[in-house]
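What follows is one structure encoded as structure tokens, with my remarks underneath.
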Amino acid sequence: MAVRTVRQLGDPVLREKCQEVEDVSAPEIRALVEDLQDTLKYWRKTTGYGRGIAAPQIGVSQRVIFLGLPGEAPWPLVNPKIIDRSAERIVVWDACLSFLSIFMQVERNRDITVQYQDLEGQTHQIKAGELRDLSELLQHEIDHLDGILCIDRVTDLKTVCTKEEFEKRYRATSPYATTASQ
Ligand SMILES: [Zn+2]
């Protein structure tokens with residue numbers, strides 16, 4: 030469909046609590062998912078970053094996220110909700126397409142269970158852990174639907190660094206080590 034502008038830090042839409050999607054199979058939702066997919070693909074290709082994107086990042090205040098994991102099928106999640114979280118927490122590097130010039134360390138739950146609907150309206154439940162860094166990715170994207178950004182979850186402000194310093198010092202040991210072509 031279309032590559033949309035990714036809203037940047039400071040745009041109030043990123044701070045809104047998104048609306049629940051009522052008609053999951055509506056054509057608007059399908060179009061929204063296509064735009065999320067095209068936009069994410071474009072960012073991945075041009076910056077080397079982007080495994081997931083949330084609807085408010087393209088200015089749509091609805092509870093939809095889209096994951097594009099390297100080597101896996103496109104994965105839209107409608108009305109995703111974390112229904113269980115492990116007590117164990119981990120500290121991980123994080124970044125966001127809405128402010129890709131800085132990286133930071135944030136705290137997340139190690140494992141979570143997420144309930145969501147697919148585009149046919151079927152409800153699914155998945156357990157996400159450290160495998161493919163899915164747990165932290167889903168927590169990042171679902172936070173967007175509540176107007177929460179990863180900068181809100183920084184463990185220590187001293188970890189905040191520029192993209193260039195992150196790449197020079199830490200990228201090789203982070204989930205962001207994958208290349209743009211994947
Ligand atoms: Zn983000």
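Residue numbers (the working numbering): 30 to 211. From the three backbone atoms N, C-alpha and C, an ideal C-beta is built for every residue, glycine too. Source: prediction; values computed, not measured.
Residue nearest to residue i in terms of C-alpha spacing, selected from the options
i, options, result
"Asp181", "Leu38, Ala31, Arg33 and Val32", "Leu38"
"Leu178", "Thr34, Gln146, Val32 and Arg44", "Arg44"
"Ala84", "Ser130, Tyr71 and Leu65", "Leu65"
"Val42", "Lys197, Glu196, Asp175 and Thr202", "Asp175"
"Leu166", "Ala31, Gln48, Trp104 and Leu186", "Trp104"
"Tyr205", "Ala102, Gly88 and Asp162", "Asp162"
"Gln48", "Thr202, Glu196, Ile171 and Glu193", "Ile171"
"Val89", "Lys46, Ser54 and Ile131", "Lys46"
"Arg118", "Glu159, Cys125 and Asp147", "Glu159"
"Glu57", "Ser203, Leu148, Lys156 and Tyr199", "Leu148"
"Glu195", "Gln144, Arg59, Leu129 and Asp67", "Note that residue 195 corresponds to Phe in the displayed sequence, not to Glu. Ranking the options by Cα distance to Phe195, first place goes to Leu129."
"Arg200", "Val121, Tyr145, His173 and Gln146", "Val121"
"Glu217", "Ser203, Gln144, Ser54 and Phe132", "The shown model of the chain, from 30 to 211, leaves out residue 217, and the question about it has no answer."
"Asp40", "His173, Arg59, Ala55 and Ala157", "His173"
Presumed contact (8 Å Cβ cut-off) between residue i and residue j, rounded CB distance
i, j, result
"Val50", "Asn108", "6 Å"
"Gly81", "Ile94", "6 Å"
"Thr191", "Glu136", "Not confirmed; about 21 Å, so no contact."
"His169", "Asp140", "About 15 Å separates the two Cβ atoms, so there is no contact after all."
"Ser127", "Val35", "6 Å"
"Arg73", "Gly97", "7 Å"
"Thr76", "Ile112", "Rounded, the Cβ-Cβ distance is 33 Å, inconsistent with contact."
"Pro91", "Leu69", "A small correction: the amino acid at residue 91 is Gln; Pro does not occupy that position in the sequence shown. That pair is no contact at about 16 Å."
"Val32", "Gln146", "That belief does not hold up - the Cβ atoms of Val32 and Gln146 are roughly 25 Å apart, past 8 Å."
"Gln134", "Thr188", "4 Å"
Bridge-paired residues (DSSP) for residue i
i, result
"Ala157", "Ile141"
"Cys190", "Phe132"
"Gln48", "Gln91"
"Val183", "Val135"
"Gln146", "Val107 and Thr152"
Beta strand (DSSP E) segments (min. 3 residues) lying fully within the stretch 66 to 132: If we require 3 residues or more, the beta strand (DSSP E) runs fully inside the stretch 66 to 132 come out as 81 to 83, 93 to 96, 104 to 114 and 118 to 123.
Does the stretch 142 to 155 come into contact with the stretch 104 to 121, if we say contact requires no fewer than three beta-carbon pairs (one atom in each stretch) closer than 8 Å? With the cut-off at 8 Å, the stretch 142 to 155 and the stretch 104 to 121 touch.
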